[in-house]
Each structure stands twice: as structure tokens, then as C-alpha cells.
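Below: the structure, in C-alpha cells.
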């Protein structure tokens, strides 16, 4: 037998006179080499996995930042954008069971590498429509498009318009209709996001278990924590990348930017949304390369060899006993399958688990819907650009979420909070978070003054049918279309849907510098009959709205932090109130329920609800409804915040029920949590190892999606 290093020390101390066998030095040397190779291998894997977590978090958060850009580029409603957003979860669910079961038996690093390639292919596929659907066309009156032909915006008779201009315009529309029929290219965005979900599937279960198998036991939790910490940086860079790309014009590199007559403040502006996906795809490819060169197995640490169920055990099975051993394994598998239904019954018979599961599903519906449409809400409610919105979310909100999650774990550890205390902390976090959210109802801006939509042409608040109110006496002599959206800002501070509906008779200049004159509908309230001028683009919201936006940001950051504090205590509550042998099964059911009942439907019905607040829909070139151009600010605020708050309130009721059941079932002895991590809760016994594993599971299951949710 070989002598371990510890035994060698004892040998020298007790028998210094006796000669020592050289084999002991060999074993000591080989053990140290094995230890170094193990540490080196696991650290390389740790670095590679951290980079992959960064890549997947970056691409996921970048998708959130481009929601409004995709909506405008493909001229689709918010409800359809919600379906695209939920396709990631669908792709993940398609193969999660196969990957979890078969992945552990195969070459895990290479499966992760293949997942990275699939994820990058999906990311590239999302960007592909930009190169096949032609240049982006926004609605603009011909005189603003660097034209040499001077056309009066108020066309009183079609014969007054130069025939060549009318024919060219109609010819472009007719020619574009065939391409428009094939421009259901948002399907490629949906399929690309579906592929992203499929490719992301093996990263978490196989990557974390690989670290858990081959890392030294006391370092495993630290390594997993490092991976999740790096993952927080991904969403920050994702939203900042979204902010940068939103400033660049969608067709940058393909058109002369001087010919673009809209700015990034215009509601028709579409940034270079596709550029960020190309960058994210390249990062995903680079992240997957190291995994193709990593081994299937690493040397196990000495501390884990005794407890491992490695293939070395098979060496002691003789040929005569192999058949008997195989039959025994088959019997064990059958017995495990027979235990599935009782385990399911046991799990769903636990009232604490069921109530917490219901509370989490409803709360995640609230949070996912809120985060998905937060950029749209800020843009429409406060008149901010997409670039500034993404910058604010990436630089302020996400760090607040990360700090909140860290604070929750720190509070649990510092004050040694028991399971009942964890339930109270989770409930208190949700209660005060949604209470702060309630204050946002008072922090909204009024509707912009848009003639015929929010105000009448005489300056009074609009109460009649919108389509009929678009026409007035001042523009009755003009042959205007109600479907156009080419807003101009009158000198009276009112936005008009088009120069024609403003009754403008002449224009001067071209492009962004176009000025319209003799606009019969643009007049002050004191002298409404006096004709005035207008400039291209909608009127900006006042300074008061900018101040309200600042208050909104402060409350939003505090709310994000407060809600995040309760995340870690909530997971501890979940893990400590189920039997240890059902822990993995319970977490699997929990993750599945969150994805199916929250991740997929929440963006869809939030989008449907938001669509009901639209005042002015865009029109596609070949007919049909396009993307929304203008929302009712007050209705949007009540729908968006109201739906979030209602769902949050329902989840709080379930959390109160969890606390009530815990108080009813627990006793002082069951609630104690000792300083070394031992705990007894909900009638189940545990050891210090279980506490360590619980913390590890908290990190594994909580972080991957949470960093992009708030």
C-alpha cells in the first residue's frame, strides 16, 4: 500500500530512527501533482464557464433593450413582441429534460461548447432579417426628403400634385408590397430566440454540476458564487450595448446618413438593433471555444474520492458477479421510478411548498411583465429616447438588484435568521417593494398635446372619436389621409399628425431643417385664425416631465433593491421546508412552473394590455395595422403599473398564507438555526452539509434569470 502524506508525517515523528521507503516520496509527489492538475483544470473550467454566463446574460438583456426597436422595425404590436420574448423559455423547455438526464452521462464540457454554438447561431439568426428585408422606410412628406420638387403639404386636389411624384410614390408602394408579403421576418427573430433558449439549456445544469463534482468541497460554493457574480456584469453590458446601438441609425453603413430626416428622439426612429446581436453572437462563439479542449473528467480531490461513486468501484466486481450487479441496478431503477408518484404526492401535499410556489409564480408574472416593457414605459411616459432608457436601466437598476440580492444573503447570515424569519423577511420585502411601486402612480406625465388625438384643434381636451376628430374646419380643404404619421411641431406647442392635417400651404428647406408655413390649424388660443409655422418632428415634453422622471428613477431603484432583498430568504424558505431527498425534484418542479406559467405568458398578456392604450396605430404600406405610434400616457400608466401591482398584491396574500402555515406548524425547537449552519425546520432534520448544499442550490437556481428581471 501507498502511504499518504499525512501518514508520512506521523511516521517521521514517531519513528525517526527507522529507514523510510522511497515509495512514500513517490506517492507524495504524485499526489501533489494530481492536486495541482486538479486545481488548474477546475480553474480553467471556472474561467470558461464564467465567460459563458457573461455571454448568455449579455445577449438576454440586449434582447430586452431592443424590444421597442424590433416592434418599430417589423411594424408589429406589443403582444407579438411578447411572443417573441417568451420563445426563449419555450426553447429552453424543449430539451431541458433530455439535457439534464443524458448530459451528465456524456462529455459535459463539449455539450456546453455545442450549446454555445447553437446560442450564437440563434443570435446571428435574429440579426439576419436586416440584410434581407431592404432599407427601413419611415413616413415622411416628400418635401422633407431632400427633394427638388416643391410640393404643398395641403393637397386640395390630386391634380395639383406633380404627376411624376404621385406615380413614383404609388409605384414604390406597389413594388414594395411583394417584399412586404415576405417581411413577416419577425418569425426569424422568434426562431433565433428559440435557438438561443435551446443553446443556453446545458450551461447551467452541466456547468454547475461539473464544478461541484471536481472542485474541493470547501471551494465549490465559492466557485459557483464567482460564476454568478460574473453573470451580473452581463446584463449591465447588455443594456449599455443597447444604449449605444440605439443611437446609431438602423441602416448605418448602407445609406447616406445626411439623407435621414428623423432623429433618435423621433418615435419612428429605429436604431442599429441588429449590430448588438452580431457582437453578442461573436462573444458566444468565443465563449464556447475553450470547452472543446477540456477533458470529460478531471482528477477528483482526495477529500471526495471516498464518497464518490466513480468507475473505480467496478474493479472490485468480479466477472461472476457482474450480471448480478446489473440486475441489481435495474431493480434500483425500477424502485426509483415506482417512487415518482409518491414523491410527487408528498411534494404537493406540503402546504408550505405549494403556497410558496403559487406566490412565486404570480410574483414572477408581475416582475417579468414589468421588466420586459419597462423601456417602452419610460420612452412613452417620460418622452425619453431608447438610448437613454437602456443606459439608465443598465447603469442604475441592475446594480441595485445585484446589491439587493447580496444584502438579503448577508442579512440571513449575519443575524442567523431562522426559517420563520426568512418567511417574514421575504414577505416584508415584497410588501414594502410593492408599496413603493404604488407611489409611481403619482409620478406620471400628462399626454402630449396632439391635435385630433389628445386635444382638439381649438385647444380643448379631446372627448370625441379619434378618427373623426382628426379632421377640422381648418384642414377641411386638404385631401389628407388619417393613416399618415409624419408629426410636426407647431409654434403653439401642439403636435400635428402631419403637415397636411395642420393645413400647411408651403414649406422651405429639406430634410431635418424643413419649416412649414401658412399652417391654418396652427394658431394661438388668443388668435386661432392667424396662420403660423411648424417644424419637422413632434413637440418635446416640458421640463416638469424631466423632473418627474428623475423622481421616478429614484423610486424605481429603491423598489428594485427592496424587492430583491427578499429573493434569497425566499429560496431558503423553499429549500428548508421540503425533505432532503425531495430537494432536487422540488427545485425542478419549481423552475418548470416558473418558466411555463410566468416566463412564457407574462410578456404576451402584458403586451395585449398595453396595446389597448394605443391612440394612433401606424399603417403598413400594403394595408393593415402596424406598430403603435402614440399611447395614452395616463391609460398606459394605469395598465402597466396596475397590472404589476395587482399581481404583486395577490402574491403577497399567498406569502401571508405561507407565514401563517409556518407559525401554525413550527415550534421553537424547529425554528432554531445554530451558528455553524445546522438547522431543523418544518419537521425535517438536517446537518451542516445540507446547509452548505442549500446555499449552493440558492446560487444555482436563483441567479441565472433574476439578474435580468428587475
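In full-length UniProt numbering, the protein residues as written are 1 to 710. By construction, the Cβ of each residue, glycine as well, lies at the ideal position given by its N, Cα and C atoms. Values in this document were obtained by computation on a predicted structure and should not be read as measured data.
For residue 252, DSSP records a beta bridge to 255.
Contact between residue 365 and residue 647 is confirmed by a C-beta separation of about 5 Å, below the 8 Å threshold. Looking at the DSSP output, residue 495 shares a beta bridge with 450, 489. By the 16-neighbour rule on beta-carbons within 10 angstroms, residue 108 is buried. Residue 627: member of the beta strand (DSSP E) spanning 625 to 631, first to last residue. Closest option to residue 434, judged by alpha-carbon separation, among 645, 43, 195, 106: 645.
Excluding its 5 nearest sequence neighbours in each direction, residue 570 has C-beta neighbours in its own chain below 6 Å: 426, listed in chain order. Comparing C-alpha distances from residue 614 to each of 502, 595, 637 shows the shortest one belongs to 637.
The C-alpha of residue 374 is placed about 25 Å away from the C-alpha of residue 124. Taking a cut-off of 8 Å on C-beta distances, the segment 60 to 73 touches the segment 264 to 271, as three or more cross pairs fall below it. Taking 8 Å as the cut-off, the Cβ atoms of residue 573 and residue 429 do not count as close.
Beyond the five residues adjoining it in sequence on each side, residue 193 comes within less than 8 Å, by CB distance, of 63, 84, 85, 87, 88, 91, 122, 126 in the same chain, given in chain order.
The segment 274 to 289 and the segment 391 to 407 do not touch, with fewer than three beta-carbon pairs separated by less than 8 Å. Linking residue 612 to residue 372 through their CA atoms gives a straight-line distance of about 17 Å. Taking 8 Å as the cut-off, the beta carbon of residue 609 is found closer than this to the beta carbon of residue 639.
In the three-state DSSP reduction, residue 536 falls in the strand class (E or B). If you draw a straight line from the Cα of residue 241 to the Cα of residue 388, it comes to about 11 Å. Distance from the CA atom of residue 129 to the CA atom of residue 190, rounded to whole angstroms, is 11 Å.
In the three-state reduction of the DSSP assignment, residue 471 falls in the coil class, being assigned neither a helical nor a strand state. Partner residues in the beta bridge of residue 616, as assigned by DSSP, are 630.
For residue 415, the secondary structure class from DSSP, reduced to helix, strand or coil, is coil. Note on residue 616: 16 or more other CB atoms within 10 angstroms of its CB, so buried under the neighbour-count rule.
Contact check between the segment 448 to 457 and the segment 493 to 507: three or more CB pairs, one atom from each, fall below 8 Å, which counts as touching. Separation of residue 97 and residue 68 (C-alpha to C-alpha, rounded to the nearest whole angstrom) is 33 Å. Measuring C-alpha to C-alpha distances from residue 559 to each of 280, 507, 200, 401 identifies 401 as the nearest. Beta-bridge pairing by DSSP links residue 519 to 532. Beta-bridge partners of residue 506 (DSSP): 517. Non-local C-beta neighbours of residue 214 in its own chain, meaning closer than 6 Å and more than five positions away in sequence, comprise 42, 298, ordered along the chain.
Straight across, the Cα-Cα distance linking residue 441 with residue 431 is about 17 Å.
DSSP places residue 260 in the coil class of the three-state scheme, outside both helix and strand. Residues 353, 578, 582, 585, 586, 589 of the same chain have their beta carbon placed closer than 8 Å to that of residue 347, with the five preceding and five following residues left out of the count. DSSP places residue 557 within a helical segment (H, G or I) once states are collapsed to three. Restricting attention to 187, 101, 233, 104, the CA atom closest to the CA of residue 60 is found in 233.
Residue 385 sits buried, since 16 or more C-beta atoms from the chains shown fall within 10 Å of its C-beta. Beta-bridge analysis with DSSP links residue 646 to no other residue.
Across the set 554, 53, 516, 546, the C-alpha of 516 shows the shortest separation from the C-alpha of residue 537.
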